[in-house]
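Undergrad: Residues 23 to 315 (my numbering) make up the sequence shown, in order. C-beta atoms are modelled at their ideal positions from N, C-alpha and C, and glycine is treated no differently. Right, I'll just put the structure down here and ask away after.
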Amino acid sequence: MQYIREWISGIRDSFEIMHFSLINALEIMLIAVVVYYIVKWIMNNHVLVLLKGMLVLLAFYILASIIGFDAVKWIFQNALGISITALIILFQPELRKGLEQLGKRNIVTPFLDSADENVFTDNTVDEIVEAVCAMAKERTGALIVIERKVRLDEVENTGIVLDAIISSELIMNIFQKNFPLHDGAVVIRGNRIAAATCYLPRSENNTLSKELGTRHRAAVGVSEVSDSVTIVVSEETGAISIAENGELTRRVGRELLYDRLKELQNSSVGLDGKTKKKFFRKDRKKGEKSINS
């Protein structure tokens, strides 16, 4: 009888241990989901740049503490009290958008779908190059924004959602003057045209050439607030330009355009210093480059 009691007690203890382990496992999963969405929200918005600035201020505060700058320490310590309120006000649009997206989407879906929606195929590269070069030859103005890690939902919301498979014919038809969607930019996400007739933020960079029109300034503007790559075709000259990281590369040829898109496809990183040196030379005006002739 005593043996049976000990056996039952052992089973009960085993269930208690298992229950404790399951609770911990669920807790870890919950924390992982929260951390995942926080990191994704940071990467998909402009918060990362602001966080880097905050880290610089924190490093400056630590340095001031080590050196003994009492006035600087006093300023930082008194500003700490209102920093949380300031952050809420500063990130209010991003926080609101993040909560809206959290209410709309399935929480489990991102973990089940491991495919990168921004990766595009060789056919997509060929179709974009074919369309851009054809429009350049006909001097058809065009503005094509290629989304990378930072999502362009705000830009997409200013236009008309298409969600269409990329083809050179469709891109060229969109930018024809008699087509209703020709005014504005096209946003490309992966192998699909996400939206058309989108409006982009104009760059306020005063160092850009005065001869650049609204289309080129819009291309530079969106590259200043995201990691996107924008292809511009001039309506006046038919010249092809690429805007990236707040800089405009002008007079781009077919070969360089193809190589740049292949680099985005393969590694999603910018041109290295050697490649830039080979293809580009700095113009006198900061923020512009041109192809070596």
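Please state the DSSP three-state secondary structure of Leu278.
TA: By one-based count along the sequence shown, residue 278 stands at place 256. The answer is helix: DSSP assigns Leu278 an H, G or I state.
Undergrad: Find out if the Cβ-Cβ distance for the pair Val242, Ser250 is shorter than 8 Å.
TA: Here residue 242 corresponds to residue number 220 of the sequence shown, with the count starting at 1. Here residue 250 corresponds to residue number 228 of the sequence shown, with the count starting at 1. For Val242 and Ser250, no; Cβs fall outside 8 Å.
Undergrad: Within a Cβ cutoff of 7 Å, which residues of the same chain sit near Met157, ignoring the five residues on either side of it in sequence?
TA: As a working mapping, residue 157 is identified with position 135 in the sequence shown. Ala164, Met194, Phe197, Val255, listed in sequence order.
Undergrad: Under a Cβ-count criterion, where at least 16 other Cβ atoms within 10 Å of its own Cβ denotes burial, should Gly275 be classed as buried or exposed?
TA: Taking the sequence shown and counting its residues from 1, the one referred to as residue 275 is at position 253. The residue is exposed, with fewer than 16 neighbouring Cβ atoms inside 10 Å.
Undergrad: Do Arg211 and Glu169 have their CB atoms nearer than 8 Å?
TA: For the purposes of this step, residue 211 is taken as the residue at position 189 of the sequence shown. For the purposes of this step, residue 169 is taken as the residue at position 147 of the sequence shown. Yes. Within cutoff.
Undergrad: Tell me which residue opens and which closes the alpha helix (DSSP H) that Thr236 is part of.
TA: Counted from its first residue, the sequence shown places residue 236 at position 214. Residues 236-246.
Undergrad: Tell me whether Thr252 is buried or exposed, calling it buried when 16 or more other Cβ atoms sit within 10 Å of its Cβ.
TA: Taking the first residue of the sequence shown as position 1, residue 252 is located at position 230. Buried, since its Cβ has 16 or more Cβ neighbours within 10 Å.
Undergrad: Taking the alpha carbon of Arg161 as the reference point, which residue from Thr259, Ser190, Ala47, Arg282 has its own alpha carbon closest?
TA: As a position in the sequence shown, residue 161 is number 139, starting the count at 1. The shortest C-alpha separation from Arg161 is found at Thr259.
Undergrad: My output table needs one value for Val251: the three-state DSSP class, helix, strand or coil.
TA: Counted from its first residue, the sequence shown places residue 251 at position 229. Reduced to three states, the DSSP call for Val251 is strand.
Undergrad: If Glu178 sits next to Ala216, beta carbons under 8 Å apart, how far is it from one beta carbon to the other, in whole angstroms?
TA: Within the sequence shown, the letter at position 156 stands for residue 178. Within the sequence shown, the letter at position 194 stands for residue 216. So it is a contact: roughly 6 Å between Cβ atoms.
Undergrad: Could you tell me the alpha carbon to alpha carbon distance between Gly268 and Val172, rounded to whole angstroms?
TA: As a working mapping, residue 268 is identified with position 246 in the sequence shown. As a working mapping, residue 172 is identified with position 150 in the sequence shown. If you take the alpha carbons of Gly268 and Val172, they lie about 15 Å apart.
Undergrad: Whole angstroms are fine: how far does the CA of Trp96 sit from the CA of Ser87?
TA: To locate residue 87, count along the sequence shown from 1; it is residue 65. To locate residue 96, count along the sequence shown from 1; it is residue 74. Cα to Cα, Ser87 sits roughly 10 Å from Trp96.
Undergrad: Which ranges would you report for the beta strand (DSSP E) in the region 152-225 if only whole runs of at least 3 residues count?
TA: 164-168, 182-187, 207-211, 214-220, all fully within the region 152-225.
Undergrad: Among the residues of its own chain, which have a CB less than 8 Å from the CB of Glu152, if the five just before and after it don't count?
TA: Locating residue 152 in the sequence shown gives position 130, where the first residue counts as 1. If we look at Glu152 and ignore the five residues flanking it on each side, its Cβ neighbours are Ser190.
Undergrad: Between which two residues does the beta strand (DSSP E) containing Ile264 stretch?
TA: Within the sequence shown, the letter at position 242 stands for residue 264. Segment 262-266, the beta strand (DSSP E) holding Ile264.
Undergrad: Mark Phe142 as exposed unless 16 or more other C-beta atoms lie within 10 angstroms of its C-beta, in which case mark it buried.
TA: Sequence index remark: in the sequence shown, residue 142 carries index 120 (1-based). Flag for Phe142 reads buried.
Undergrad: What does the alpha-carbon distance come out to for the pair Ala218 and Asn145?
TA: For the purposes of this step, residue 218 is identified with residue 196 of the sequence shown, where counting begins at 1. For the purposes of this step, residue 145 is identified with residue 123 of the sequence shown, where counting begins at 1. Those two C-alpha atoms are separated by around 20 Å.
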